[in-house]
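Here the structure is laid out as structure tokens; the discussion comes afterwards.
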Amino acid sequence: MAKSEETSSSSSSRPWESYHTVYTNAKAGMDGVDKEKVQRVVYEMSKGSKYFENEERKEAYMKQKIENMRAQRAKLKPADISHYQRVADKRIAELEATRDLTRTWLHVDMDAFYAAVETLSNPSLKGRPMAVGTMSMISTANYEARKFGVRAAMPGFIACKLCPELIFVPTDFKKYTYYSDLTRKVFQEYDPNFMAASLDEAYLDITNVCKERDITVAEVTEELRQNVYKATGLTCSAGVAPNRLLAKVCSDINKPNGQFLLPNDRAAIMTFISSLPIRKIGGIGKVTEHILKDVFEIKTCEDLLQKSSFFCALFSPSSADFFISVGLGLGGTDAPQVRSRKSMSNERTFSATKDETFFHQKLVELSEMLSADMEKEGLHGRTLTLKLKTASFEVKTRALTLQSSLRSSKDILKHASKLLKAELPVSLRLIGLRMSHFNEDKDGTLSDPTQRTLLNYIKPGDDNTNLVDDEHSDVKDHSESHCYTYTNPSRDPLSELNDNNEQVVEDNGLEDHECKDQLNAVKSSEFDAQGIETHSLEGRNQDQLTMIDFSEKETGSSSSHDKEALIWLEDYKCSLCGVELPPSFLEERQEHADFHLAEKMQMEEESAHAYRNLPLKNRMRQKEAVVGQSKGRKKLKQSPSNGKHIPIDAFFSKASHNL
DNA sequence: GGGACCATTAATG
DNA sequence: TTCCACATTAATGGTCCC
Ligand SMILES: Cc1cn([C@H]2C[C@H](O)[C@@H](COP(=O)(O)OP(=O)(O)OP(=O)(O)O)O2)c(=O)[nH]c1=O
Ligand SMILES: [Mg+2]
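Going by our numbering, the first residue of the first sequence is number 13, and it counts up by one from there.
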């Protein structure tokens, strides 16, 4: 489930109140919790800490972002709005046309999974408040503990304050994977192709079972939960709906040991989501919720549809599609795709230090673990990413891509050390390593995913809904993004030719490459330090930015008068540039209008940068969003239409040897 | 203009 | 007594090099 976040913000005699809904989001097992008290305790325990300060930093960043969007919104003229309303309406119609109510999806979610498993192996824990994790962080808590406000992703020492009786149990992934496997055996009987979303969650397409056995959805769901219980002794909750996005929302409704069914009926769906808080949707987290609420007054999914024009105007096309889809209650219904893992990583936290010998020791350990893990899956990677968390909780990543892929702990360590060296001296509290850019070892499984998509975009009403759905599935079902379709643990042994492929290229252009990357890493480390507010940008860069801003501003301000709303003179000629486009060229006209608007906004925006040092990033920027609309169609997403068949569930097996 | 890389943010469990 | 994990994916946007 979504985790809760803390956030600071002061002012007011009761500072904890402005403490953004810390661990108090309405969640299963949280009824009757004294939220105010929880909030206060968490605040008291947090304030003044390094962690807290970092949270404040992040909060400030977010506020900036919101202000940014507010400004953008304010810039929209009535003409713009009506234009984008038309764009939005069209998109709504297109998306609506992809609605598929023929499938029945079920989402299962085990109740307090880790905690429940621990209780199984130690029944004396039953009925007593317990959390799985450590004093510094707990993974989850049972429902008894939740009554005190104790929740997943809450530091243990805070949980202790909330619930002095709290019992801590260390995590034991072996156990969880074991029980997870048991549940999956049950799932398999209802949908052999079910998607495993995590150890404790899965999506099943139960359309066929219902049909074949001629029983109702309710019966199937009831039976499945019963069978899971019989097989494991664990309870779970389920949600059923015509698509995965909604099914997931539904499984949370009667959370502990319950189920909720949403009929495959458009009216029912619309009613269901109309009052649904957007935060309930997978993919909409704390930040997005805030932006939508503070900038557009959007709280429910219904609001989402009302404000659709803003999305088309200010967000990237993929984001706009996602929001509109949610507003329509659409979600993934297509058959699960087989996805292979994209990265493998490990990281460790320790008490902050500057001891470089210690760092090195950590790198050795991490390299060895990572290497071993990769070997288990027969992977070789080309990109190594070093992750650091400073004593002040700032996170940095430094990556390096090599000519040939590697896996040996020696190689990993060698490059990792180099990356780290460039960052010294620093005081760190965490070091991590990640490998990506996998080569799929030997066994034929092709490597490069040169995904093709485009096709999906061209024709909306096209032949199959699956393709179209697939297209949106990226965005839409963000929560399913790490699902793996299940395959029996019957895979073949590993490779033998592995070592070949890396040796060959070995020494060649390596030096060159590495040097370049090295520079790059150092350079950006100064630059990005990401100091929107307090941090000052590197002088040189700052100047450059400013200069650009001014130059843009001049041209911008002079022409911004001219570039008001676009009108089609005599219904075919552009009032701004004179280009001629007959009324029937709807798409082209829209793109043309977008072009002018983008042009205008870009200038305005850039001139705004001259005043404040605004962050230049974030997907919520309209400049690209608008431009993207015309040409960006192909650029956005694309997903998993790449058909590689590399069944793995390895992700989960890996988790097992991770403490 | 597009591709390869890199860094950061957001989100999920 | 100490004072906030770890694994994974995706989107976005910047830089550099054709
Ligand atoms: C949310 C979260 C979960 N987990 C682990 C522990 C959880 O038992 C497991 C499944 O997550 P959840 O399904 O989110 O939580 P849960 O199963 O413990 O409780 P419930 O579903 O009844 O609300 O994932 C983490 O390790 N870190 C996290 O931040
Ligand atoms: Mg669960």
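Each residue gets a CB set at the ideal place from its N, CA and C atoms; glycine is no exception.
Nearest neighbour of residue i, chosen from the options [CA to CA]
i, options, result
"Leu400", "Lys87, Ser421, Ser417, Thr365", "Thr365"
"Thr219", "Lys59, Ala165, Ile93, Asn205", "Asn205"
"His372", "Thr146, Leu398, Ala384", "Leu398"
"Gly139", "Ser148, Ala157, Ile150", "Ala157"
"His119", "Lys159, Ala153, Ala250, Lys408", "Ala250"
"Leu88", "Leu378, Cys324, Glu387", "Cys324"
"Asn154", "Ile170, Val129, Ser148, Met147", "Val129"
"Thr228", "Arg69, Leu273, Gln51", "Leu273"
"Leu257", "Asn66, Asp101, Gln200, Ile296", "Ile296"
"Ala677", "Thr345, Val54, Leu317", "With the chain covering only 13 through 671, there is no way to say anything about residue 677."
"Arg441", "Ser363, Asp385, Lys426", "Ser363"
"Tyr241", "Asn276, Ser192, Ala428, Ala253", "Ser192"
"Arg278", "Ser58, Asn255, Gln238", "Asn255"
"Ser263", "Glu309, Lys298, Leu216", "Leu216"
"Asp346", "Asp212, Thr114, His449", "Thr114"
"Thr369", "Ala384, Pro437, Leu382", "Pro437"
"Lys70", "Ala411, Glu406, Arg103", "Glu406"
"Lys187", "Val144, Glu389, Asp367", "Val144"
Check whether residue i and residue j have beta carbons under 8 angstroms apart
i, j, result
"Leu396", "Met447", "yes"
"Asp123", "Thr312", "no"
"Met45", "Lys173", "Here residue 45 turns out to be Val, not Met, going by the sequence shown. Not a contact, by the Cβ cut-off of 8 angstroms."
"Ile150", "Val307", "no"
"Met166", "Ile303", "no"
"Thr195", "Ala243", "yes"
"Ser320", "Ala100", "yes"
"Val162", "Pro141", "yes"
"Ala428", "Ser379", "yes"
"Arg419", "His392", "yes"
"Thr152", "Pro348", "no"
"Lys292", "Val252", "no"
"Arg85", "Leu326", "yes"
"Leu412", "Gly245", "no"
Residue interval of the alpha helix (DSSP H) (run including residue i)
i, result
"Phe371", "368 to 388"
"Arg237", "229 to 244"
"Arg69", "62 to 87"
"Gln186", "The amino acid occupying residue 186 in the given sequence is Lys; Gln does not appear at that position. 185 to 202 is the span of the alpha helix (DSSP H), which, as asked, contains Lys186."
"Gln318", "313 to 318"
"Ser58", "47 to 58"
"Phe334", "329 to 340"
"Arg98", "90 to 109"
"Asn134", "Premise fails: Asn134 is in no alpha helix (DSSP H) and is neither H nor E."
"Arg351", "Premise fails: Arg351 is in no alpha helix (DSSP H) and is neither H nor E."
"Cys172", "168 to 174"
"Val221", "219 to 225"
Identified DSSP bridge partners for residue i
i, result
"Ile150", "Gly145"
"Ile265", "For Ile265, which the question treats as bridged, DSSP gives no partner whatsoever."
"Asn358", "Leu445"
"Asp121", "Glu213, Ser249"
"Thr283", "DSSP lists no partner for Thr283."
"Val181", "Val144"
"Phe450", "Gly393"
"Arg410", "Leu398"
"Leu273", "Val252"
"Pro289", "Thr312"
"Leu418", "Gly393"
"Thr365", "Leu440"
Residue i - containing beta strand (DSSP E), residue span
i, result
"Ala253", "248 to 253"
"Val299", "Counting along the chain, Val299 falls outside any beta strand (DSSP E), though it belongs to the alpha helix (DSSP H) covering 298 to 308."
"Arg394", "393 to 402"
"Ile424", "Here Ile424 belongs to no beta strand (DSSP E); instead the alpha helix (DSSP H) covers 421 to 433."
Taking 8 angstroms as the threshold, find out whether the segment 176 to 183 comes into contact with the segment 220 to 231 through three or more Cβ pairs. no
When the Cβ atoms of the segment 350 to 362 are set against those of the segment 425 to 445, are three or more pairs found closer than 8 angstroms? yes
Does the contact criterion of 3 or more C-beta pairs under 8 angstroms hold for the segment 334 to 345 versus the segment 279 to 296? yes
Are the segment 102 to 122 and the segment 229 to 237 touching, with three or more C-beta to C-beta distances below 8 angstroms? yes
The segment 420 to 437 / the segment 84 to 104 touching (three or more Cβ pairs under 8 angstroms): no
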